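The opening residue of the sequence shown carries number 4 in the numbering used here; numbering runs sequentially from there. Taking it in order: structure first as structure tokens, then the write-up.
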Amino acid sequence: MNFFNRVRCMIHKEFLSNVKDPKTRMIIIVPVIVQSLLFGYAATFNLERVPYALLDLSHSESADNFLAKLEGGGVFQRVKNLASTNEIAEAIDSGAALLVITIAPDFERELLQNRAGKIQVITDGKNSMTAAVAAGYVGRIVDDFNPRGIIDLSVISWYNPNLITRWDFLPGLMGMMSLIQVMILSGLSVAREREQGTFDQLLVTPLSPFEILIGKMVAPSIIGIIQAIMIFLICRYFFGIPFAGNFLLILLTLFIFALSCTGIGLSISAISNSMQQVMVYCFFLLLPMVLLSGFATPIATMPEVLQIATYANPLRFALDSLRRVYLEGCGFSDIAFNFVPMIAVAAVTLPVAAWLFRNKLS
């Protein structure tokens with residue numbers, strides 16, 4: 004009971020130090036509102052590479068000519084040949100392809116008879132801007148391939164039928180804001196006490212290094228999850244983005260993600276001697292983590308080396324889980340693999356932080 008009482012007091016102290024400081028309150032509240040509105044209204048995508056899957060039911064010379072035209076520009080890269088319509092969902096849900104192109108069985112015969120040959124494009128609406136740009140590319144290629152305009156191009160977007168950009172950005176913003184807030188708050192926890200002169204007082208308390216670590220881990224994690232819930236409410240009730248999933252699964256994803264972020268932040272905190280050092284370390288890590296997360300550009304469009312590097316980035320798997328649960332309504336089994344890298348990062352960084360704390364506090 005003494006252990007739990009000491010940990011409870013430590014958590015309470017951390018909450019008070021974060022909530023009572025006016026500057027910290029501004030960091031906690033203002034970015035959530037400002038960035039939600041900013042990304043909801045102003046963010047856009049650029050597109051340089053489109054991995055796609057092909058379902059060619061025609062197997063004709065006209066279909067081959069169209070595909071040669073499609074792939075000739077170097078933007079569209081075929082990653083998978085499908086055998087039936089049953090494989091379309093797996094190609095998109097797995098993230099292997101940004102879109103699926105289906106060529107109708109009678110494509111060539113219809114063209115030879117001056118009737119509309121049918122091509123269907125199914126895009127992943129979770130990447131709304133990418134889907135819109137990719138569909139536009141296909142439309143221009145169809146026009147160039149067949150200037151008489153007798154090809155019937157049908158574009159369908161899954162999970163985001165109207166390709167509204169905020170549907171893509173805002174669910175992912177839950178993970179990004181959690182990363183920023185949890186890393187910075189946990190990173191500043193020790194450095195702030197050193198600068199305020201309370202660190203020495205902490206050393207003479209009955210608290211062990213492990214208890215101090217737990218206290219400094221819980222408070223930033225809860226604050227990060229609360230911020231993510233605030234963004235969820237903005238998504239659902241202010242912007243009216245339909246929620247298709249399970250809210251408890253959202254919370255589970257945020258909890259596991261917060262553990263990995265806290266481990267990184269506490270490791271930074273333990274090796275830093277000032278708040279300035281913490282901020283430098285945090286921003287040094289934050290920018291690559293955001294860029295390599297798939298938040299702004301799909302990971303499939305990145306060079307292969309960077310795609311491999313993203314496996315060490317917990318934000319990548321948190322964003323994928325949050326978007327899929329929110330927009331697709333995925334269950335636990337659909338995103339279970341995403342928890343493995345996040346847990347692995349936490350399993351490495353939290354013991355490292357504990358070891359650093361023991362050495363700092365001993």
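Where is the CB? At the ideal position from N, CA and C, for every residue including glycine. Just so it is clear, the structure is predicted and the values come from calculations on it, not from any experiment.
Closest to GLN116 by CA distance: which of SER65, ILE267, PRO223, ALA134 is it? SER65
Ordered along the chain, which non-local residues of its own chain (more than five positions away) have a Cβ less than 8 angstroms from that of ALA194? SER272, SER275, ASN276, SER277, MET278, GLN280, VAL281
Express the C-alpha separation of SER157 and LEU41 in angstroms, rounding to a whole number. Summary for LEU41: the model assigns pLDDT 48, below 50, so the residue's position carries little reliability, and this model does not support an answer.
Flag this pair as yes or no: are the beta carbons of ILE154 and GLY120 separated by less than 7 angstroms? yes
Take every Cβ of the region 226-236, pair it with every Cβ of the region 312-319, and state whether three or more of those distances are shorter than 8 angstroms. no
If you measure between the beta carbons of MET345 and SER270, is that distance less than 7 angstroms? no
Give the secondary structure of ASN5 by DSSP, where H, G and I count as helix, E and B as strand, and everything else as coil. helix
So what does GLN280 bridge to, in DSSP terms? In DSSP, GLN280 forms no bridge with anything.
Measure the C-alpha to C-alpha separation of GLY334 and ASN149 and round it to an integer number of angstroms. 43 angstroms
In the DSSP output, what is VAL141 paired with across the bridge? For VAL141, which the question treats as bridged, DSSP gives no partner whatsoever.
Using DSSP's beta-bridge definition, name the partner residues of TRP161. ASP127
Could you say which of VAL355, GLU111, TYR55 lies nearest to LEU85 if we only look at CA atoms? TYR55
Assess contact between the region 300-309 and the region 211-220, defined as three or more Cβ pairs (one per stretch) separated by less than 8 angstroms. Is contact present? no
Excluding sequence positions up to five away, which residues of its chain have a Cβ less than 7 angstroms from the Cβ of SER63? PHE110, GLU111
Alpha carbon to alpha carbon, how far is MET220 from LYS72? Give it in angstroms, no decimals. 55 angstroms
Take MET13 and list the residues in its own chain whose beta-carbon comes closer than 8 angstroms to its own, dropping the five residues that flank it on each side. LEU210, GLU214, ILE215, ILE217, GLY218, LYS219
Name the residue from ALA138, ALA99, GLY77, ASP67 whose alpha carbon lies nearest to the alpha carbon of ALA107. ASP67
Would you mind sorting LEU322 into buried or exposed? The rule is 16 or more other CB atoms within 10 Å of its CB. buried
Which stretch, first to last residue, makes up the beta strand (DSSP E) that contains THR300? No beta strand (DSSP E) holds THR300; DSSP gives it neither H nor E.
If you draw a straight line from the alpha carbon of LEU182 to that of ALA138, how long is it in whole angstroms? 32 angstroms
Which parts of the region 84-125 are runs of the alpha helix (DSSP H), unbroken and 4 residues or longer, counting only runs that do not cross its ends? 91-96, 110-115
Residue burial classification, ALA45 (beta-carbon count within 10 angstroms, cutoff 16): Reliability fails at ALA45, whose pLDDT of 41 lies under 50, so the model's placement of it is uncertain and no value is given.
Beta-carbon within less than 7 angstroms of LEU359's beta-carbon, same chain only, minus the 5 sequence neighbours each way: which residues are those? SER270, ALA273, ILE274
For the candidate residues ARG197, ARG11, LEU325, whose alpha-carbon lies nearest to that of LEU176? LEU325
In the DSSP assignment, find the unbroken alpha helix (DSSP H) run with LEU251 in it and report its ends. 250-274
Inspect the beta-carbon positions of ALA356 and GLY266 and report whether they are closer than 7 angstroms. yes
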